[in-house]
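2 protein chains.
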Amino acid sequence: MSIEFSQQKLPVAVVLCRPEISRNIGAVCRSMANNNCSDLRIVGNKSDYDEEEVLRLAIHAGTIWQNARFFEPSVAGLTASIADCCIVAGTTRRVGEKRKSWGMTPEAFASFSLNNAAGLTGIVFGNERTGLTDEELNVCSVAVNIPSAPDFPSLNLSHAVQVVCYTLFRAYSPRKYGYERIPYTRVTSAAEHINSCLCKMGLFKHAGKEDNIRFFQEIIARAALSAREARYLEELFQKLCYVKCQNAAEKEPGMTLQQIQPVPNN
Amino acid sequence: MSIEFSQQKLPVAVVLCRPEISRNIGAVCRSMANNNCSDLRIVGNKSDYDEEEVLRLAIHAGTIWQNARFFEPSVAGLTASIADCCIVAGTTRRVGEKRKSWGMTPEAFASFSLNNAAGLTGIVFGNERTGLTDEELNVCSVAVNIPSAPDFPSLNLSHAVQVVCYTLFRAYSPRKYGYERIPYTRVTSAAEHINSCLCKMGLFKHAGKEDNIRFFQEIIARAALSAREARYLEELFQKLCYVKCQNAAEKEPGMTLQQIQPVPNN
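Sequences listed follow chains A and B, in order.
Residues 1 to 266 (UniProt numbering) make up the first sequence, in order.
Residues 1 to 266 (UniProt numbering) make up the second sequence, in order.
Structure representation (C-alpha cells):
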C-alpha cells in the first residue's frame with residue numbers, strides 16, 4: 001500500500017443523527033481524522049451545538065466540524081443526508097427477531113464496502129441516549145452492530161465512531177508494521193552457530209549436540225527473530241565463547257572479538 | 001461461542017501509565033466494560049484524580065475504577081504493575097528506526113495473545129500528552145501501534161483503549177450476527193419460480209427465459225438473500241401473477257392467493 005493511497009480520504013461519509021452533546025461531536029471529528037475520514041454530516045441544526053465545546057474536543061480536527069453539512073432533524077433530513085451514498089449502514093445495538101438478517105459486524109461491513117463496487121459508503125450513528133429509531137434504521141440498507149460485552153453493550157458515541165471508522169480504515173489501508181522474521185535456513189544456521197560456540201566452550205563433548213541444536217531452532221523460530229536479533233544472539237554466544245577460551249588460555253589464533261551492538265529496541 | 005464463554009472476563013490487564021485527566025480514566029473504564037475487561041491498573045497516585053469526574057464518564061463501569069490497583073508513578077511502579085502478566089504490550093505511535101521489529105498491529109497482537117499459551121496479557125497505555133517514555137516502553141515485551149492516518153495519528157486515550165480492547169474482545173469472543181443466506185439450489189429455484197410467474201403473465205413467450213433466469217440467479221446470489229427474503233420475493237411475483245391472471249379473467253383453478261408477510265427488517 002503506497003503512502004499516496006493511504007493518505008487518500010476514505011470514501012466514507014459519517015452521519016450523526018440527532019446528536020445531543022457538542023463534546024461528543026468534537027470527539028467524533030478527532031476519531032474521523034485518525035482514520036482518514038473527513039466527510040461529516042449532521043442531522044440536526046448547527047445552532048443547537050456549542051462550537052467552542054466541539055472544537056475543544058476535536059483538537060486539530062476542527063475543519064471536519066467546519067466543513068460538516070447539516071440536515072433537518074427528521075427522517076426526511078436523514079434521507080437527504082445520505083442521498084449520494086451507494087450503501088448505508090445504520091449502527092444499532094439492538095439485534096431483535098426482526099433484525100436477524102441485519103447486524104453485520106463492522107469488519108464484515110468494511111470488507112463488503114471495500115470489496116464491492118466503488119461508490120460512497122455511509123455510516124449512520126444515532127442519538128447518544130436513544131440510538132436510531134426504527135424509522136431511521138429503515139432508511140439504511142443494512143445494520144451494523146459493534147460486538148460488545150452482553151452486560152455492558154452501550155458504547156460512547158465517539159467510541160462507536162472510532163471502532164467503525166478504524167475498521168473501515170484498516171480494510172481500505174492495510175498496513176503492516178514490523179519486520180521480516182528470518183527464514184528457516186537462517187534459523188538453523190543461528191542454532192548451529194550457538195551450538196558450535198557451546199561445543200567450543202566444552203559443553204556436549206559426548207552427546208546432546210543434536211538436542212541442543214533442535215532446542216535453539218525451536219525457540220528461535222517461535223520467537224520470530226529479526227535478522228538483527230539473530231545476529232545479536234550469535235554474537236553474544238561468540239563473545240561468551242571468546243571470553244571463556246581466553247580465560248582458559250585456549251585462545252584460538254583465528255578468532256577475533258566482535259563488538260556486540262546492543263539491540264534494546266529491536 | 002456460548003454466552004457463558006463470551007461473558008467470561010478477558011484475561012487482559014489494562015495499565016494506564018501516568019494518566020493525567022480523570023475524565024479519560026472514566027471513559028477508559030467504560031471502554032473496558034464494553035469489551036469484558038475489568039482489570040485496571042494505574043501507575044499513579046489515586047489521590048491525584050478527581051473521583052467524581054472518573055465516575056461521571058465511567059457511566060455504569062465505576063466498579064472498574066473502584067477495584068483498580070495503583071502503583072507508584074515510576075518505572076519501578078510500572079514494572080510492579082505487570083509482574084503477573086506473561087506478555088505485555090506497550091502502545092506507542094512512534095515507529096522509529098530502532099522500533100522496527102516492534103509495532104504489532106492490535107489485530108496481530110490479539111491473535112498472538114489468543115493463540116499462544118494461556119496466561120494474563122497486559123496492555124500499557126502512556127500519558128495523554130507524552131505517551132510512553134523509552135524507558136517505560138522497554139519494560140514491555142512488545143509494542144503495539146494502532147494504525148491511523150499519517151497526518152492525524154494521535155488517538156484520544158480512551159479511544160486507544162477502546163480499539164485495543166475491542167480487538168482483543170473480538171479475538172477472544174468471536175461472534176457473528178446475521179443470517180444464513182440461501183444455498184445455490186434455493187437461489188436457482190427462486191429464480192425459476194420468478195421466471196415461471198413472469199411466463200404465466202405473458203413475458204418470454206418466445207425467447208429470453210434462460211437469460212431471465214440467469215439474471216435473477218445472479219442478483220439473488222449477490223444480494224445474499226435470507227430464506228425469508230427469498231420467500232417474500234417469490235410470493236411477491238406469485239401475487240403479481242395472480243392479480244394479472246385474475247384481471248385477465250384467466251384465473252387458474254388450482255392457484256390460491258398467498259398472503260405476503262412484509263419483511264421490512266429482514
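In this text, a Cβ means the ideal position worked out from N, Cα and C, and glycines have one as well.
Computed from a predicted model, the values in this text were never measured in an experiment.
With C-beta atoms as the reference, is residue 12 (chain B) less than 8 Å away from residue 123 (chain B)? yes
What first and last residue would you give for the alpha helix (DSSP H) that runs through residue 245 (chain B)? 227 to 247
When we look at the beta-carbon of residue 113 (chain B) and count the other beta-carbons within 10 Å, is it buried (16 or more) or exposed? buried
Rounded to the nearest angstrom, what separates residue 200 (chain A) and residue 191 (chain A) at their Cα positions? 14 Å
Answer with buried or exposed for residue 162 (chain B), where buried requires no fewer than 16 other C-beta atoms within 10 angstroms of its C-beta. Residue 162 (chain B) comes out buried.
Residue 147 (chain A) at chain B interface by Cβ criterion, 8 Å: Chain B, which has a Cβ nearer than 8 Å to the Cβ of residue 147 (chain A), makes this yes.
Examine chain B for any beta-carbon lying closer than 8 Å to the beta-carbon of residue 170 (chain A), and answer yes or no. yes
Contact between the region 122 to 137 of chain B and the region 9 to 23 of chain B: three or more CB pairs below 8 Å? They touch, by the three-pair rule.
Spatially closest choice to residue 48 (chain A) from A:71, A:37, A:30, by CA coordinates: Of the listed residues, the one whose Cα sits closest to residue 48 (chain A) is A:71.
Alpha carbon to alpha carbon, what distance is there between residue 31 (chain B) and residue 19 (chain B)? 16 Å
For chain A, find out if any of its Cβ atoms is closer than 8 Å to the Cβ of residue 100 (chain B); answer yes or no. Its pLDDT being 48, under 50, residue 100 (chain B) is placed unreliably in this model, and the value from its coordinates should be taken loosely. Answer yes: the Cβ-Cβ gap between residue 100 (chain B) and chain A drops below 8 Å somewhere.
Quick one: which residues of the region 26 to 44 of chain A get their C-beta closer than 7 Å to a C-beta of chain B? List them in chain order. Close to chain B, meaning a Cβ-Cβ distance shorter than 7 Å, are the following residues of the region 26 to 44 of chain A: 27, 30, 31, 33, 34, 35, 36.
Residue 180 (chain B): which of B:110, B:223, B:35 sits nearest, CA to CA? B:223
Is the beta carbon of residue 348 (chain A) sitting closer than 8 Å to the one on residue 135 (chain A)? The requested residue 348 (chain A) is not part of the displayed model; chain A covers only 1 to 266.
Tell me which residues of the region 201 to 225 of chain B have at least one Cβ-Cβ distance to chain A shorter than 8 Å, keeping chain order. none
Which residues DSSP lists as bridging residue 91 (chain B), in chain order: B:144
Does any CB atom of chain A fall closer than 8 Å to the CB of residue 156 (chain B)? yes
Give a yes or no on contact between the region 50 to 63 of chain B and the region 77 to 91 of chain B, applying the rule of three or more CB pairs nearer than 8 Å. Too few Cβ pairs lie closer than 8 Å, so no.
Option nearest residue 292 (chain A) by Cα separation, candidates A:69, A:24, A:67, A:115: Since the displayed chain A opens at 1 and closes at 266, residue 292 (chain A) lies outside it and no answer follows.
Pairwise C-alpha distance: residue 166 (chain B) and residue 166 (chain A): Rounded to the nearest angstrom, the two C-alpha atoms are 11 Å apart.
Who are the Cβ neighbours of residue 244 (chain A) in its own chain at under 6 Å, not counting the five residues just before and after it? 201
Which residues in the same chain as residue 140 (chain A) place their Cβ atom closer than 7 Å to its Cβ, once the five residues preceding and following it in sequence are excluded? 88, 89, 90, 124
Going by DSSP, what residue range makes up the beta strand (DSSP E) through residue 50 (chain B)? Per DSSP, residue 50 (chain B) belongs to no beta strand (DSSP E) and is neither H nor E.
Check the Cβ of residue 162 (chain A) against every Cβ in chain B and list those closer than 7 Å, keeping chain order. 159, 162, 163
Alpha carbon of residue 137 (chain B) to alpha carbon of residue 46 (chain A), nearest angstrom: 43 Å
Other residues of its chain near residue 22 (chain B): CB distance less than 7 Å, five sequence neighbours each side excluded: 49, 50, 53, 54
So residue 35 (chain B) packs on residue 168 (chain B), CB below 8 Å; how close in whole Å? 7 Å
Do we get a CB-CB distance below 8 Å when we pair residue 119 (chain A) with the residues of chain B? no
Determine the chain B residues that contact residue 166 (chain A) at a beta-carbon separation under 7 Å, and present them in chain order. 163
Quick one: Cα of residue 77 (chain B) to Cα of residue 42 (chain B), how far? 9 Å
To the nearest whole angstrom, what separates the beta carbons of residue 157 (chain A) and residue 28 (chain A), a pair I think is in contact under 8 Å? About 7 Å separates the beta carbons of residue 157 (chain A) and residue 28 (chain A), which is inside the 8 Å limit, making them a contact pair.
Within 8 Å of chain B by C-beta, residues of the region 61 to 76 of chain A in sequence order: 61
Short CB-CB distance (under 8 Å) between residue 20 (chain B) and chain A: no
Enumerate in chain order the residues of its own chain whose CB-to-CB distance from residue 8 (chain B) is below 8 Å, with the five nearest sequence positions on each side excluded. 36
Does the Cβ of residue 92 (chain A) have 16 or more other Cβ atoms within 10 Å, making it buried, or fewer, making it exposed? That one is buried.
Hey, how far is the Cα of residue 246 (chain A) from the Cα of residue 184 (chain A)? 33 Å
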